[in-house]
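Asks: Right, I'll just put the structure down here and ask away after.
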Amino acid sequence: MASNNISDRLTLHFDSLTRAERQLANVVMENYPVSGLGSITELAEKADVSTPSVARLVQKLGFKGFPEFQAQLRKELAAKISGPIEKHDRWAENAPDTHILNRFTDAVMTNIRKSYHQIDTQVFDRTCELLADQNRSVYVVGGRITHALADYFFLHMQVIRPDVTHIQSISNAWPHYLLDVKQGDVIVVFDVRRYENSTLKLIEMAAAKGAEVVLITDQWISPISKFTNLVFAARISVPSAWDSSIVNMLILETIIARVQEIIWPDTRERMEQLESMFDETKFFRKFT
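Residues 1 to 288 (the UniProt record's numbering) make up the sequence shown, in order.
Here it is in structure tokens:
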């Protein structure tokens with residue numbers, strides 16, 4: 001099996017599952033990985049399937065039985081909620097005797113391959129269409145760490161099109177931004193493990209107002225996913241106490257490139273105006 005991650009296995013096998021097994025798979029993914037940690041009977045009842053259906057799905061995923069399936073879920077849950085110190089200790093304990101440059105690069109390349117393999121092109125295209133629609137306002141929000149990604153994305157989108165706002169989710173002022181959110185507006189949110197309650201509440205309230213939510217998250221998938229089908233799940237694990245933002249950065253830069261391409265005539269005009277202002281204010285040094 002290429003991946004031990006149960007969500008990856010479900011995605012890989014989903015098309016070959018029976019109706020009952022798909023029903024069960026959807027229940028497992030609703031609050032993953034916690035949703036599968038009850039008894040086999042409880043899981044079957046929640047999915048409205050038989051206990052043998054649970055056993056068959058578990059075997060199709062490559063596990064000998066339900067206890068082994070749950071052991072993997074508990075392992076993934078521990079990884080999902082672990083902080084920097086625990087992550088460092090886990091990597092250090094299993095670190096191979098190769099240079100960190102090679103180990104880190106190999107981990108990043110694996111993350112890119114696996115993440116991009118799972119991106120739904122229809123989700124990508126729909127996301128870019130929404131962001132290119134200048135009749136919709138765009139809001140961008142990040143968290144304690146991911147605010148850097150949000151700021152980068154906001155800076156580029158602000159040049160590409162008008163009416164883009166960066167919501168500071170860690171500020172007590174974020175409810176003020178919701179006053180202007182209208183039905184059909186787009187909110188791009190970055191949320192990775194150790195998911196933040198304030199960001200979740202912000203998106204819950206925005207979705208209630210009819211906003212379209214685009215979620216850029218990790219392989220364990222933020223609970224914000226229940227408010228949208230536009231989800232980009234990037235792999236973030238590397239040999240470090242910190243998670244990697246490289247795949248998330250790659251996703252958002254690809255989105256930036258596509259949105260710019262869709263509305264290039266308007267974007268070009270905005271860029272020309274911006275460059276004219278830079279020249280007038282001597283913002284950048286000129287080499288002549």
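C-beta atoms are modelled at their ideal positions from N, C-alpha and C, and glycine is treated no differently.
Between the Cα of Lys198 and the Cα atoms of Ala208, Gly210, Val141, which residue gives the shortest distance?
Replies: A quick correction: the sequence has Ser, not Lys, at residue 198. Per the Cα distances, Val141.
Asks: If I measure Cβ to Cβ from Val108 and keep anything under 7 Å in the same chain, skipping five residues before and after, which residues do I get?
Replies: The answer, listed in chain order, is Val238, Ser244, Ile246.
Asks: Using the Cα positions of Ala25 and Asn111, report the straight-line distance between them to the nearest angstrom.
Replies: In a straight line, the C-alpha of Ala25 is about 24 Å away from that of Asn111.
Asks: Assign Ser7 to buried or exposed, taking buried as 16 or more other Cβ atoms, counted over all protein chains shown, within 10 Å of its Cβ.
Replies: Under this definition Ser7 is a buried residue.
Asks: Going by DSSP, what residues sit across from Ala234 in a beta bridge?
Replies: DSSP output for Ala234 lists Asp218 as bridge partner(s).
Asks: Where Asp48 and Met29 are concerned, what is the direct C-alpha to C-alpha distance, given to the nearest angstrom?
Replies: Cα to Cα, the separation comes out at about 15 Å.
Asks: What first and last residue would you give for the beta strand (DSSP E) that runs through His166?
Replies: Note, His166: beta strand (DSSP E), 164-167.
Asks: Starting from Ile187, follow its DSSP beta bridges and name the residues at the other end.
Replies: Ile187 pairs with Tyr139, Val213.
Asks: What's the C-alpha gap between Arg9 and Leu61?
Replies: Arg9 and Leu61: Cα-Cα distance of roughly 6 Å.
Asks: Report the rounded CA-to-CA distance for Leu187 versus Met205, giving the unit in angstroms.
Replies: Going by the sequence as given, residue 187 is Ile instead of Leu. In a straight line, the C-alpha of Ile187 is about 11 Å away from that of Met205.
Asks: How is Val123 classed by DSSP in three states: helix, strand or coil?
Replies: Correct three-state label for Val123: helix.
Asks: With a Cβ-Cβ cutoff of 8 Å, do Asn4 and Gln72 count as a contact?
Replies: Contact: yes.
Asks: Between which two residues does the alpha helix (DSSP H) carrying Val247 extend?
Replies: Note, Val247: alpha helix (DSSP H), 246-262.
Asks: When you compare only the Cα positions, how much space is there between Leu252 and Phe153?
Replies: When rounded, the distance between both Cα atoms is 7 Å.
Asks: Decide if the region 174-182 is in contact with the region 199-219; the criterion is three or more beta carbon pairs, one per stretch, under 8 Å apart.
Replies: At 8 Å Cβ cutoff, the stretches touch.
Asks: Report the residue ranges of all alpha helix (DSSP H) runs contained in full by the UniProt domain "HTH rpiR-type" (4-80); include only those spanning at least 4 residues, in chain order.
Replies: Segments of the alpha helix (DSSP H) lying fully in the UniProt domain "HTH rpiR-type" (4-80): 6-13, 19-30, 40-47, 51-60.
Asks: Please report how far the alpha carbon of Ala78 lies from the alpha carbon of Arg194, in whole angstroms.
Replies: Taking the straight line joining both Cα atoms gives about 11 Å.
Asks: Please classify Ser276: does DSSP put it in a helix, a strand, or coil?
Replies: Helix at Ser276.
Asks: What span of residues does the alpha helix (DSSP H) with His176 cover, start to end?
Replies: Per DSSP, His176 belongs to the alpha helix (DSSP H) from 174-178.
Asks: Leaving aside the five residues before and after Tyr139 along the sequence, list all residues of the same chain whose C-beta is less than 6 Å from its C-beta, in chain order.
Replies: So the list reads Thr165, Ile167, Ile187, once near-sequence residues are dropped.
Asks: What separation, rounded to the nearest whole angstrom, lies between the Cα atoms of Met1 and Thr105?
Replies: Confidence at Met1 is low in this model, with a pLDDT of 38, below 50, so its placement is unreliable and no value can be given for it.
Asks: Starting from Thr110, trace the alpha helix (DSSP H) in both directions and tell me its first and last residue.
Replies: Residues 100-117.
Asks: I need the boundaries of the alpha helix (DSSP H) containing Phe284, first residue and last residue.
Replies: Looking at the DSSP string, Phe284 is not in any alpha helix (DSSP H), and its letter there is neither H nor E.
Asks: In whole angstroms, give me the CA-to-CA distance for Met249 and Leu149.
Replies: For Met249 and Leu149, the distance between alpha carbons rounds to 7 Å.
Asks: Applying the criterion that 16 or more other CB atoms from any shown protein chain within 10 Å of the CB defines a buried residue, is Glu196 buried or exposed?
Replies: Classification for Glu196: buried.
Asks: Thinking C-beta only, is Phe66 closer than 8 Å to Ile40?
Replies: Yes, the Cβ-Cβ distance between Ile40 and Phe66 is below 8 Å.
Asks: Going by DSSP in three states, Asp133 sits in which element: helix, strand or coil?
Replies: DSSP places Asp133 in coil when its eight states are reduced to three.
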